[in-house]
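The next block holds one structure in the form of structure tokens; read it before the comments.
Number of protein chains: 2
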Amino acid sequence: MNPKLYWEDFPAGCARRIGPRRITAKEIVTFARQVDPQPFHVDAESAASFQFGGLIASGWHICALAMRMMCDDHILESAGLGSPGADSIRWKQPLRAEDTITVEATVLETRRSRSRPGVGILRWHWDVKNQHGRSIAELETTGMIRCRSTPENVP
Amino acid sequence: MNPKLYWEDFPAGCARRIGPRRITAKEIVTFARQVDPQPFHVDAESAASFQFGGLIASGWHICALAMRMMCDDHILESAGLGSPGADSIRWKQPLRAEDTITVEATVLETRRSRSRPGVGILRWHWDVKNQHGRSIAELETTGMIRCRSTPENVP
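First to last, the protein sequences are chains A and B. For what it's worth, my numbering labels the leading residue of the first sequence as 1, then goes sequentially. For what it's worth, my numbering labels the leading residue of the second sequence as 1, then goes sequentially.
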């Protein structure tokens, strides 16, 4: 598949609102059994005795859900080249079964790679919100993406 | 299950070496299909045309693998209370099928919560290494954990 979106299509301030996406108890437990089987992520009964008062998703599951939503929104049709990392992850509020999330993703900063011509770097802010509009997680991530133009042929 | 490990059991500098854990192509593709289906994470043939030269695990998969290794090593038998986030994730080198990883986890900083008596906060450095001893990912994460003693009854 030829990519439709390149670095030039994501200027600073560009914002995407992605979702909504409903989360089920089964998803929460299935992910956590694999990745993060702490009692408050895998067992509703045991979870009730913790400070959250019930089953909550692993923070890594929130990241995974947001990543998949970003993929389906635009990454899979872009000339993406992977990521060197994330500068910050904040898990702020619990994600619970039957919650519905949206991701508000904004380009904080954009530049061309100094070492790799034709590669652009995007710094994103992701704000994951629940159905009450409350922010449950914030991330600052970095993505690499091919440029449509190389510095030599920029008009 | 009563926890065996509390905040006091993780002093600053305390280090754990966890693994090894071998990663298969099937695991890489299964996780990525769910979370991050970019071509270089789900399809070996298509992956060959990217800069990595073959199938590589999603960075989020590396985080998930390290989290599970931390769980099995000590989190599941500790009085863990979840996490407010991570300060940094660096995906430094590709994780490929048949690689074997270890996690070297070190407590960078430890303190009692100012707002919640009886809760301790641990700042960890995770270094995920491959079978060549090369660091493929580094994370700085924060964990909350119950204290065995409350400030009032510290000797």
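For glycine and all other residues, C-beta sits at the position ideal for the given N, C-alpha and C.
- Item | Option in 2(B), 4(B), 3(B), 8(B) with minimal Cα separation from residue 149(B) | 8(B)
- Message: Whole angstroms are fine: how far does the CA of residue 70(A) sit from the CA of residue 90(A)?
- Response: 18 angstroms
- Message: At the 7 angstroms Cβ level, is residue 64(A) part of the contact set with chain B, yes or no?
- Response: yes
- Item | Contiguous beta strand (DSSP E) assignments of at least 3 residues, all confined to the stretch 124-154 of chain B | 135-146
- Query: Any contact of the stretch 90-110 of chain A with the stretch 95-107 of chain B, i.e. 3+ C-beta pairs under 8 angstroms?
  - Reply: no
- Task: Let me know if residue 129(B) comes out buried or exposed under the rule of 16 or more other beta-carbons within 10 Å of its beta-carbon.
- Result: buried
- Message: Using a 10 Å radius around the Cβ and a threshold of 16 neighbouring Cβ atoms, would you call residue 155(A) buried or exposed?
- Response: Any reading at residue 155(A) is ruled out, since the residue's pLDDT is 49, under 50, leaving its predicted position unreliable.
- Take the Cβ of residue 131(A) as the centre, count every other Cβ of all protein chains shown within 10 Å, and call the residue buried at 16 or more, exposed below. exposed
- What does residue 81(A) reach in chain B if we use C-beta pairs closer than 8 angstroms? 50, 51
- Message: Run through the DSSP bridge pairs and tell me what residue 89(A) is partnered with.
- Response: 139(A), 86(B)
- Query: Which partner residues does residue 122(A) have in the DSSP bridge list?
  - Reply: 110(A), 143(A)
- Mind pulling the chain B residues with CB within less than 9 angstroms of residue 68(A)? 34, 35, 36, 37
- Message: I'd like to know whether the C-beta of residue 89(A) is nearer than 7 angstroms to at least one C-beta of chain B.
- Response: yes
- Query: Which term fits residue 63(B), buried or exposed, when burial requires 16 or more other beta carbons within 10 angstroms of its beta carbon?
  - Reply: buried
- residue 56(A) (DSSP reduced to helix, strand or coil): coil
- Using a Cβ-Cβ distance under 7 angstroms, would residue 119(B) count as near chain A? no
- Task: State yes or no: is the beta carbon of residue 126(B) nearer than 7 angstroms to at least one beta carbon in chain A?
- Result: no
- Query: The beta strand (DSSP E) with residue 165(B) in it runs from where to where?
  - Reply: Residue 165(B) cannot be examined here, being either before or after the span of chain B that is shown, 1 to 155.
- Between residue 60(B) and chain A, is there a C-beta pair that is closer than 7 angstroms? yes
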